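Chemist: Each residue of the sequence shown is one higher than the last, beginning at 8 in our numbering.
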Amino acid sequence: MAIPITVLDCDLLLYGRGHRTLDRFKLDDVTDEYLMSMYGFPRQFIYYLVELLGASLSRPTQRSRAISPETQILAALGFYTSGSFQTRMGDTIGISQASMSRCVANVTEALVERALQFIRFPADDASVQALKDEFYGLAGMPGVIGVVDCIHVAIKAPNAEDLSYVNRKGLHSLNCLMVCDIRGALMTVETNWPGSLQDCAVLQQSSLSSQFEAGMHKESWLLGDSSFFLRTWLMTPLHIPETPAEYRYNMAHSATHSVIEKTFRTLCSRFRCLDGSKGALQYSPEKSSHIILACCVLHNISLEHGMDVWSSPGTGPVEQPPEEEYEHMESLDLEADRIRQELMLTHFS
């Protein structure tokens, strides 16, 4: 008589069919120091994430439904902040590496769904004016409401034929466009651009460019470095300053632009999955894009909860593909050049 063989799902054996949740790891059983060292965030912040994401992480259609939202969030934070699916970390919270991967996917999706809630430009006039005042107080640059730049995040090669993600260093990456305020809070994040695109091309094709070209935040501008074209809404440094006013303008521009460079260093030091030290993100471009965006959402939430953007240990300059200079083409936008000349005459002469 043949004996039927049943293929069993390991997670099903461990966790059941969703009638109970995993409670092997309790936040109350460990110290704040342990949580910070393992997951990069304090206890109250993790409790906030459980409240924020709990409903999404308890959806009955998810395979990992039997794993509590708390455990899923710890698994995801462990990956974001360490950059690897460590067996030790999975053992700590009582799940397998396969379950760790599903938890990261679930939490990432839940954070991406809330991106517009936490990453946005201020809409009211008072908040916009506050941005201008804060930036002016930093280095005397008037009219600035944000600083823009791009950062490359390494990903695995999508396939042998696809060269669109190969950057100038010959590595596969996503080129991510971001805008931050003076505190390092992100106001725009676009993480889906292939690494082969230069920064100026990313900005030109971005929704951010479309919004400013359509007249969003008139009489205000962003600051960008020399990898971008000068625009009426985007002030770049002069390639070869000659007058004292031009030198002062460039110095103020550099001091103000350094805010986003510090923000990038903080992102990569807090979320080690982005810094390449553990290798490239081992996901498709779409999933990698979502992981980057999820980390950016967490970054902004942490700021809202009083976690200083500059408090994370620095990792030194973020290494990026070499930039090219584009100032020789700025004369094509005569109105933008006029605005910059007027700015230097009025505020830096």
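Glycine residues also receive a C-beta, built at the ideal position from the N, C-alpha and C atoms. Because the structure is a prediction, the values reported are computed rather than measured.
Does DSSP classify V160 as helix, strand or coil?
Modeler: Three-state result, V160: strand.
Chemist: Within 10 angstroms of its Cβ, does T198 collect 16 or more other Cβ (buried), or is it exposed?
Modeler: T198 comes out buried.
Chemist: Say whether the stretch 296-312 touches the stretch 181-190, bearing in mind that this needs 3 or more beta-carbon pairs closer than 8 Å, one atom from each stretch.
Modeler: With a cut-off of 8 Å, the stretch 181-190 and the stretch 296-312 count as touching, because enough Cβ pairs lie within range.
Chemist: Looking at the structure shown, is T68 part of a helix, part of a strand, or coil, going by DSSP?
Modeler: The pLDDT assigned to T68 is 49, lower than 50, so where the model puts this residue is not dependable; a value taken from the coordinates is nonetheless given after this. Coil, per DSSP.
Chemist: Could you check how far apart the C-beta atoms of V158 and Y172 are, in whole angstroms? I think they sit under 8 Å.
Modeler: Inspection of the sequence shows that residue 158 is occupied by Ile rather than by Val. Actually they do not touch by this definition, with Cβ atoms about 15 Å apart.
Chemist: Note the first and the last residue of the continuous alpha helix (DSSP H) segment covering V196.
Modeler: Per DSSP, V196 belongs to no alpha helix (DSSP H); it is in the beta strand (DSSP E), 193-201.
Chemist: Output yes or no for whether 8 Å exceeds the beta carbon distance between G90 and R272.
Modeler: Cβ atoms of G90 and R272: not closer than 8 Å.
Chemist: Just to confirm before moving on: does the CB-CB distance between T356 and A252 stay below 8 Å?
Modeler: As written in the sequence, residue 356 is Ser, which differs from the Thr given in the question. Cβ atoms of S356 and A252: closer than 8 Å.
Chemist: Taking V135 and H224 to be in contact with their CB atoms under 8 Å, please state how far apart those CB atoms are, rounded to whole angstroms.
Modeler: Correct: roughly 6 Å between the Cβ atoms.
Chemist: DSSP three-state call for H246: helix, strand or coil?
Modeler: In the structure shown, H246 sits in coil (DSSP, three-state: anything other than H, G, I, E or B).
Chemist: Quick one, are the C-beta atoms of I53 and A82 less than 8 Å apart?
Modeler: Contact flag unset, no.
Chemist: Hey, how far is the Cα of V57 from the Cα of E77?
Modeler: Between V57 and E77, the C-alpha separation is close to 6 Å.
Chemist: Classify I247 as buried or exposed, calling it buried when 16 or more other Cβ atoms lie within 10 Å of its own Cβ.
Modeler: Flag for I247 reads exposed.
Chemist: Report all residues from its chain with a CB closer than 6 Å to the CB of Y143; omit the five preceding and five following residues, and keep chain order.
Modeler: Excluding positions up to five away in sequence, the list reads P149.
Chemist: Would you mind reading off the limits of the beta strand (DSSP E) that contains N182?
Modeler: First-last of the beta strand (DSSP E) with N182: 180-187.
Chemist: Helix, strand or coil for G90, going by three-state DSSP, please let me know.
Modeler: DSSP places G90 in coil when its eight states are reduced to three.
Chemist: Helix, strand or coil for S338? Go by DSSP, reduced to three states.
Modeler: Unreliable positioning characterises S338 in this predicted model, as indicated by a pLDDT of 49, which lies under 50. A coordinate reading is not provided.
Chemist: Where do the N-terminal and C-terminal ends of the beta strand (DSSP E) with L230 fall, by residue?
Modeler: From DSSP, the beta strand (DSSP E) with L230 extends over 228-230.
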